[in-house]
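For reference, the structure is listed below as structure tokens.
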Amino acid sequence: MDFLEITLRLSLAAILGGIIGFEREQNNHPAGFRTHILVSIGSALIMLISIYGFTDFLLEENVRFDPSRIAAQVVTGIGFLGAGTILRHGFTVTGLTTAASLWVVAGIGLAIGAGFYSGALVATLFVLISLAVLNKIDRFIAHKRSLVHLKVNVVDRPGKLGEIATKLGERNISIKSVSITEEDNENYEDDYVSIIFLLRISKKEYAPIIVDEIKQVDGVKEVQFGKNTE
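Right, here's the structure in full:
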């Protein structure tokens, strides 16, 4: 394999990986432009090594050649890198799409390294459609429903979070995230916690009604309702 072909494959891997990484970078995700380029180039290089790196060794007798063995380890190993982009905040998990994009970019890099150009180009196109176009559709749908904060001070007893969530679920209100902090015990006789919900509700929902229903939960001390400022 000549130097020009090696340069072409590694360059194309960098370009395709960079295009996907640029989309992630624009949306402020953990793994962006440079990370995707590195993953794609590294995968292409490993594929090249797997196919062409053992030519001299293959001249020996009784040698079995399987170019997929090294490449298969990329598919497994990229999972560790992808896991590093997955973040958990309370009950909310983010970074799953970025982790998936890294995994796909690794496959694109392997395809380029193996000379499967058409597959890599089509895969890149589909990934961009999934990340960019479908993301805009999802945002358009999401904008039809407002994001609001609901803060509930409730006695620290098992099951209270579930009772409040049930009340919200009965009104078909989606809980986007939940965070829990301890309240200053000097203000209350019992131990209380502050539960902050980020809710996605339709515009037809009437806030005072929601607040009144939450206050009916035994142990609720205070309820505050307001628009999301993020």
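Reminder that position 21 of the sequence shown reads as 21 in UniProt numbering, one-by-one numbering, no gaps.
For glycine and all other residues, C-beta sits at the position ideal for the given N, C-alpha and C.
Tell me which residues share the same chain as SER174 and place their Cβ nearer than 6 angstroms to its Cβ, disregarding the 5 neighbours each side in the sequence.
Around SER174: ARG200.
Count Cβ pairs between the stretch 72 to 85 and the stretch 3 to 22 that sit closer than 8 angstroms; are there 3 or more?
They do not touch, by the three-pair rule.
Roughly how many whole angstroms lie between the Cα atoms of ASN172 and SER194?
One C-alpha to the other measures close to 23 angstroms.
State the CB to CB distance for the pair ALA111 and GLY119, rounded to an integer number of angstroms; the pair is presumed to be in contact (CB under 8 angstroms).
The C-beta distance from ALA111 to GLY119 rounds to 5 angstroms, short enough to fall under 8 angstroms.
First and last residue of the beta strand (DSSP E) that includes SER130?
Careful: SER130 lies outside any beta strand (DSSP E) and carries neither H nor E.
How would you call TYR192, buried or exposed, if buried means at least 16 neighbouring beta carbons within 10 angstroms?
TYR192 is buried by the Cβ-count criterion.
Is it buried or exposed, ALA207, if we count other Cβ atoms within 10 angstroms and call 16 or more buried?
Exposed, since its Cβ has fewer than 16 Cβ neighbours within 10 Å.
Nearest to THR35 by alpha carbon, out of PHE225, LEU102, ILE86, GLU213?
The residue from PHE225, LEU102, ILE86, GLU213 with its alpha-carbon nearest to that of THR35 is LEU102.
Check THR124 in the structure and name its three-state DSSP category.
The answer is helix: DSSP assigns THR124 an H, G or I state.
State the beta-bridge partners of SER179 as determined by DSSP.
DSSP, once it has assigned bridges, lists ILE196 as partnering SER179.
Give the straight-line distance between the Cα atoms of GLY90 and LEU150, rounded to the nearest whole angstrom.
Low per-residue confidence applies at GLY90: pLDDT is 47, beneath 50, and the placement is therefore not dependable enough to give any value.
Helix, strand or coil for ILE173, going by three-state DSSP, please let me know.
Looking at ILE173 - three-state DSSP - the assignment turns out to be coil, as it is neither helix nor strand.
First through last residue of the alpha helix (DSSP H) which encompasses PHE3:
Counting along the chain, the alpha helix (DSSP H) containing PHE3 begins and ends at 3 to 26.
Determine the DSSP secondary structure at ILE201, reduced to helix, strand or coil.
Look at ILE201 here: in three-state DSSP terms it is strand.
Just to check my reading of the structure: VAL223 and GLY109 have Cβ atoms closer than 8 angstroms, yes? What is that Cβ distance to the nearest angstrom?
Actually they do not touch by this definition, with Cβ atoms about 52 angstroms apart.
Boundaries (first-last residue) of the alpha helix (DSSP H) holding ARG157:
Here ARG157 belongs to no alpha helix (DSSP H), and DSSP marks it neither H nor E.
Report whether the distance from the Cβ of ALA111 to the nearest heavy atom of the ligand HEM is below 7 angstroms.
Among the ligands in the structure shown, none appear at all, so the ligand HEM cannot be discussed.
By the three-class DSSP mapping on this structure, what secondary structure does GLN73 have?
If DSSP states are grouped into helix, strand and coil, GLN73 belongs with the helices.
So what does DSSP say about VAL217, is it helix, strand or coil?
Coil, per DSSP.
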